[in-house]
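A.B. asks: Following this note's numbering, the numbering of the sequence shown begins with 3 at its first residue and continues without gaps.
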Amino acid sequence: EQKTTSRNPRSTVGTVTEIYDYMRLLFARIGVAYSPATGLPIESQTVTQMVDRTLALPEGTRLFLLAPIVRGRMGEYRKELAKRPDDVELKSRLRQTELKAADYYYERGQKLMTAGKLEEAILQFQQGLAALPDHSKLLQAMNEAVARKEANALYDEGVNLREAGKSQEALSRFRRALDVFPDHQAAAAALAELSKQAEEKSAEEFALTSRDPITLNFRQTDLKQAFEFLARSFGVNVIYFWPDPVVALR
3 EQKTTSRNPR STVGTVTEIY DYMRLLFARI GVAYSPATGL PIESQTVTQM VDRTLALPEG
63 TRLFLLAPIV RGRMGEYRKE LAKRPDDVEL KSRLRQTELK AADYYYERGQ KLMTAGKLEE
123 AILQFQQGLA ALPDHSKLLQ AMNEAVARKE ANALYDEGVN LREAGKSQEA LSRFRRALDV
183 FPDHQAAAAA LAELSKQAEE KSAEEFALTS RDPITLNFRQ TDLKQAFEFL ARSFGVNVIY
243 FWPDPVVALR
């Protein structure tokens, strides 16, 4: 069949060749749809079956009998909703639907977070926030996931720098990772290990290499400056009482 194709930037091979429509029809026929809320297969029912199931419910069960506002038309229905601004029942139903969708994506994202799949978890949280932007749990989970992702990136950079022998830069990365996500255990352990190594190295640099007596000549140096030098060089505490020439070493 010959046809004039449009140059829509959103078009794909499937939509231009109309294979997409046939694939949708194929999967609709051979596929089995499941409810995301219950996990049970979704099956069509006759009017008689629906009536029988309704009558089989216990006495006093509350029901919602709903009717479609629009039939046979795709797209959004903002105009129809705007015509009924005071319909409390409609608003309640919409809110419940949005909340269920947000909770569903929140639960999926939490499972992925537990499994360490942060990228996939963030995608789930984004889907949930698209349904209900003011969902407090989703917002908190989203912020935590993004922080963990950034902290992981900083930790990986620190590990690479440590292996390259750049300890100071590695320390900086580990500190930044903990600033972004304080509960990052790997970054905390790496920071503690590097800090310990730095302290041991610093102590070795100040340690004397010989037990033999040494002589220091400060004939042309001010007494206070001389003891300040000793304090910095050998790690001793010097208390200098000025102007009295009294010096105490600790």
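Glycine included, C-beta positions come from ideal geometry on N, C-alpha and C.
Using a 10 Å radius around the Cβ and a threshold of 16 neighbouring Cβ atoms, would you call L28 buried or exposed?
C.D. replies: Exposed, because fewer than 16 other Cβ atoms sit within 10 Å of the Cβ of L28.
A.B. asks: If contact is defined by three or more beta carbon pairs under 8 Å, each pair taking one atom from either stretch, is the stretch 172-186 in contact with the stretch 143-157?
C.D. replies: With a cut-off of 8 Å, the stretch 172-186 and the stretch 143-157 count as touching, because enough Cβ pairs lie within range.
A.B. asks: Assuming A143 contacts Y108 under a Cβ cut-off of 8 Å, what Cβ separation, rounded to an integer in Å, is found between them?
C.D. replies: Confirmed, about 6 Å.
A.B. asks: For Y36, list the residues DSSP reports as bridge partners.
C.D. replies: Paired residues: P43.
A.B. asks: Which residues in the same chain as H186 place their Cβ atom closer than 7 Å to its Cβ, once the five residues preceding and following it in sequence are excluded?
C.D. replies: For H186, where only same-chain residues beyond five positions count, the Cβ hits under 7 Å are A153, Y157, A179, L180.
A.B. asks: Between the stretch 93-103 and the stretch 128-142, do at least 3 Cβ pairs fall closer than 8 Å?
C.D. replies: Result yes; three or more Cβ-Cβ pairs closer than 8 Å.
A.B. asks: If we count the other Cβ atoms within 10 Å of its Cβ and call it buried at 16 or more, is S164 buried or exposed?
C.D. replies: What sits at residue 164 in the sequence shown is Arg, not Ser. Buried, by the Cβ-count rule.
A.B. asks: Quick one: complete beta strand (DSSP E) runs, 3+ long, within the stretch 78-113?
C.D. replies: For the stretch 78-113, not a single whole beta strand (DSSP E) run of length 3 or above is found.
A.B. asks: Among the candidates A35, T56, T40, whose CA atom is the shortest distance from the CA of S46?
C.D. replies: Closest by alpha carbon: A35.
A.B. asks: Which class does K198 belong to by DSSP, given the choice of helix, strand or coil?
C.D. replies: Correct three-state label for K198: helix.
A.B. asks: Just curious, the alpha helix (DSSP H) that S169 is in, first and last residue?
C.D. replies: S169 -> alpha helix (DSSP H) spans 169-182.
A.B. asks: Which class does Y22 belong to by DSSP, given the choice of helix, strand or coil?
C.D. replies: Y22: helix per DSSP, three-state reduction.
A.B. asks: Between which two residues does the alpha helix (DSSP H) carrying G160 extend?
C.D. replies: Where G160 is concerned, the enclosing alpha helix (DSSP H) stretches over 138-165.
A.B. asks: In three-state DSSP terms, what is E230?
C.D. replies: In this structure, E230 counts as helix in the three-state DSSP scheme.
A.B. asks: When we look at the beta-carbon of I32 and count the other beta-carbons within 10 Å, is it buried (16 or more) or exposed?
C.D. replies: That one is exposed.
A.B. asks: How should E230 be labelled, buried or exposed, when 16 other C-beta atoms within 10 angstroms of its C-beta is the threshold for buried?
C.D. replies: Result: exposed.
A.B. asks: Report the rounded CA-to-CA distance for K1 versus A192, giving the unit in angstroms.
C.D. replies: The question about residue 1 has no answer here: the residues shown for the chain are numbered 3 through 252.
A.B. asks: Note down the Cα distance separating K139 from A233, rounded to an integer number of angstroms.
C.D. replies: Each residue's alpha carbon lies about 55 Å from the other.
A.B. asks: Straight-line CA distance for A30 to T48?
C.D. replies: Answer to the nearest angstrom: the Cα atoms are 19 Å apart.
A.B. asks: Just how far apart, CA to CA, sit F127 and P184?
C.D. replies: Using only the alpha carbons, I get a separation of about 21 Å.
A.B. asks: Express the C-alpha separation of F66 and R97 in angstroms, rounding to a whole number.
C.D. replies: When rounded, the distance between both Cα atoms is 15 Å.
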